[in-house]
Amino acid sequence: MNIELRAEQKRDLLRRGFSRRHFGRIASMIGAGAAALPFYNEPALAQLSAVRGNIPPDAVRINANENPLGPAPEAAAAIHAIVQRGGRYLYEETFGFQETMAELEGLKPGYVQPYAGSSAPLHQAVLAFTSPDKPFVTADPGYEAGERAARFIGAKVISVPLTKTYAHDVKAMAAASPSAGLIYICNPNNPTGTLTPKADIEWLVANKPAGSVVMIDEAYIHIAGAPMCSDLVAQDKDVIILRTFSKIYGMAGLRAGAALARPDLLKKIAPYSSGALPVTGMAGATASLKSKTLVPERRKIIANVREDVFSFLDQHGFKYVPSVSNKFMVDVGRPGGQIVEAMRNEKIYIGRVWPSWPTYVRVSIGTQEEMNKFKSAFLKVMA
Numbered sequence: 008m009n010i011e012l013r014a015e016q017k018r019d020l021l022r023r024g025f026s027r028r029h030f031g032r033i034a035s036m037i038g039a040g041a042a043a044l045p046f047y048n049e050p051a052l053a054q055l056s057a058v059r060g061n062i063p064p065d066a067v068r069i070n071a072n073e074n075p076l077g078p079a080p081e082a083a084a085a086i087h088a089i090v091q092r093g094g095r096y097l098y099e100e101t102f103g104f105q106e107t108m109a110e111l112e113g114l115k116p117g118y119v120q121p122y123a124g125s126s127a128p129l130h131q132a133v134l135a136f137t138s139p140d141k142p143f144v145t146a147d148p149g150y151e152a153g154e155r156a157a158r159f160i161g162a163k164v165i166s167v168p169l170t171k172t173y174a175h176d177v178k179a180m181a182a183a184s185p186s187a188g189l190i191y192i193c194n195p196n197n198p199t200g201t202l203t204p205k206a207d208i209e210w211l212v213a214n215k216p217a218g219s220v221v222m223i224d225e226a227y228i229h230i231a232g233a234p235m236c237s238d239l240v241a242q243d244k245d246v247i248i249l250r251t252f253s254k255i256y257g258m259a260g261l262r263a264g265a266a267l268a269r270p271d272l273l274k275k276i277a278p279y280s281s282g283a284l285p286v287t288g289m290a291g292a293t294a295s296l297k298s299k300t301l302v303p304e305r306r307k308i309i310a311n312v313r314e315d316v317f318s319f320l321d322q323h324g325f326k327y328v329p330s331v332s333n334k335f336m337v338d339v340g341r342p343g344g345q346i347v348e349a350m351r352n353e354k355i356y357i358g359r360v361w362p363s364w365p366t367y368v369r370v371s372i373g374t375q376e377e378m379n380k381f382k383s384a385f386l387k388v389m390a
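Here it is, written out as structure tokens:
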């Protein structure tokens, strides 16, 4: 799709330090959509851990932080019921989702912007708030999609190592640049699955450089059962929170999510948004939010399987990062890509390797049966 930047967009980009030579890439990022850009989202990044071509039907897929339980029964029923009405845009489904989430988060509806997943608002925020003069500040290792988007459009990127407890080093991030545009916190972190205390995030919001925005990606927060930061949005702080239904809600392929922020911040990313949202995703997400049992039940299921795997790793003397999420990092003591390939030969598809941690590989939590197969294959390839 060919996109022509509007005059006001060009003026804003020039004001933030972009040159006209950046316009083409920025326009392509706006117009291409999630599927067309190699850095754009978790499914695209997951391809770094997969072979080209078909994955065997009997393979174990624990490479993309998905939820093998799929949509909740309530969500599946809502999706099924709305499919025959899919010939219409049905904007009322989006409004219903917006109002339901706002009520649950203690926010006004205008503070909630629905999206098809959380990748789009992440990258639209990169477009809106970063530039060659306004860096994107992120953790290392951390979720790379925002960093890749920033590099793609020519914005500066500053990577800050995690602390010894695998939390975001908020003081170092606040000091990374006096002109930071967007400071990105994924909590729990991807890939480590570890938490940054809410008090640290509150400190960062209070002590960040003037004019910068803190983006808190809470994709995995329900799995951890940790305090959320929507109250910072309610307090009108310079904060954007990302939520997705791809993880605990099991809707990775159905695409639903939201950005929570002050209306003026949402408005700044709105010029880079386009298109109606899938009614199946909106209906399924609304039904998921209304369920009283879905989150606690799934949190327990994931935790039980995760702790079983950790007991196995402890038993065999493997070093790993103590995650509270649906994935973990394990030290394989050699270039991680070798183990990824060896596991693939056993029909076990695990995650990728981060350059700063070259001997660690990321493993997603699947079903108990899938993780039992992982354990057997892991012992074999590590022998």
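Residue numbers for the sequence shown follow my numbering, so the first one is 8 and each next one is one higher. Glycine included, each C-beta is placed from N, C-alpha and C at the ideal position. In this text the structure is predicted, and so the values were computed from the model without any measurement.
**OP:** Spell out a yes or no on whether the segment 295-315 and the segment 158-169 are touching, meaning 3 or more CB-CB pairs, one atom from each, closer than 8 Å.
**Re:** Counting Cβ pairs under 8 Å, fewer than three are found: no touch.
Subject >> CB of M350 within 8 Å of CB of V388, strictly >> reply: In contact: M350 and V388 (Cβ atoms closer than 8 Å).
**OP:** Mark T172 as exposed unless 16 or more other C-beta atoms lie within 10 angstroms of its C-beta, in which case mark it buried.
**Re:** The residue is exposed, with fewer than 16 neighbouring Cβ atoms inside 10 Å.
**OP:** List the residues that DSSP assigns as beta-bridge partners of C193.
**Re:** Within the DSSP secondary-structure output, C193 pairs in a beta bridge with D224.
Original post:
Candidates H29, D65, A71 and L21: which alpha carbon is nearest G260's?
Top reply: If we check each option's Cα against that of G260, A71 comes out closest.
Subject >> Distance CB(S138)-CB(G188) smaller than 8 Å >> reply: For the 8 Å CB-CB criterion, S138 and G188 form a contact.
**OP:** For the alpha helix (DSSP H) containing L21, list its first residue and its last residue.
**Re:** Unbroken alpha helix (DSSP H) run through L21: A14 to R22.
Original post:
Per DSSP, T145 is paired with what?
Top reply: Paired residue(s): S166.
Original post:
Once you ignore the five residues that flank K244 on each side, which residues in its own chain have a CB closer than 6 Å to its CB?
Top reply: Only residues of its own chain outside the window of five on either side were considered, and among them V212 have a CB closer than 6 Å to the CB of K244, listed in chain order.
**OP:** Classify K171 as helix, strand or coil using the three-state DSSP reduction.
**Re:** Under the three-state reduction of DSSP, K171 is assigned to coil, being neither helix nor strand.
Original post:
Using a Cβ-Cβ cut-off of 6 Å (strictly less than) and excluding sequence neighbours within five positions of R68, which residues of its own chain qualify?
Top reply: So the list reads Y356, once near-sequence residues are dropped.
Original post:
Is there contact between the segment 16-32 and the segment 315-335, where contact requires at least three CB pairs shorter than 8 Å?
Top reply: Per the Cβ contact rule, the segment 16-32 is not in contact with the segment 315-335 (fewer than 3 Cβ pairs under 8 Å).
**OP:** Measure the Cβ-Cβ separation of L237 and L114 and say whether it is below 8 Å.
**Re:** Here the sequence assigns Ser to residue 237, which means Leu is not the residue at that position. With a cutoff of 8 Å on beta-carbon distance, S237 and L114 are scored as near each other.
**OP:** Classify V90 as helix, strand or coil using the three-state DSSP reduction.
**Re:** Reduced to three states, the DSSP call for V90 is helix.
**OP:** Check whether the segment 303-314 touches the segment 360-371, taking contact to mean three or more Cβ pairs, one atom from each stretch, closer than 8 Å.
**Re:** Touching, no, given that fewer than three Cβ pairs across the two stretches are closer than 8 Å.
**OP:** Locate the alpha helix (DSSP H) running through E322, then write down its first and last residues.
**Re:** According to the sequence provided, residue 322 is Gln. The question's Glu does not apply to it. That run of the alpha helix (DSSP H) goes L301 to Q322.
Subject >> Buried/exposed call for E100, threshold 16 Cβ in 10 Å >> reply: Counting other Cβ atoms within 10 Å of its Cβ, E100 reaches 16 or more and is therefore classed as buried.
Original post:
Span of the alpha helix (DSSP H) holding A156?
Top reply: Where A156 is concerned, the enclosing alpha helix (DSSP H) stretches over A152 to I160.
Subject >> Beta-carbon gap between G93 and V286 smaller than 8 Å >> reply: Yes, these two residues count as a Cβ contact at 8 Å.
Subject >> P80 - DSSP class collapsed to helix/strand/coil >> reply: Three-state result, P80: helix.
Original post:
Is it true that the CB of S383 sits closer than 8 Å to the CB of G200?
Top reply: Their beta carbons are not under 8 Å apart, which means G200 does not touch S383 by this criterion.
Subject >> Bridge partner(s) assigned by DSSP for S125 >> reply: As computed with DSSP, S125 is found in no beta bridge at all.
Original post:
Under the rule that 16 or more other beta-carbon atoms within 10 Å means buried, what is R22, buried or exposed?
Top reply: Of the other Cβ atoms in all chains shown, fewer than 16 fall within 10 Å of the Cβ of R22; this residue is therefore exposed.
Original post:
Less than 8 Å separating the beta-carbons of E106 and P121?
Top reply: No, the pair does not count as a contact, with Cβ atoms beyond the cut-off.
**OP:** Could you pull the start and end residues of the alpha helix (DSSP H) that M180 belongs to?
**Re:** Element bounds for M180: V177 to A181.
Subject >> Separation of K334 from L386, as counted between CA atoms >> reply: So the two alpha carbons sit approximately 18 Å from each other.
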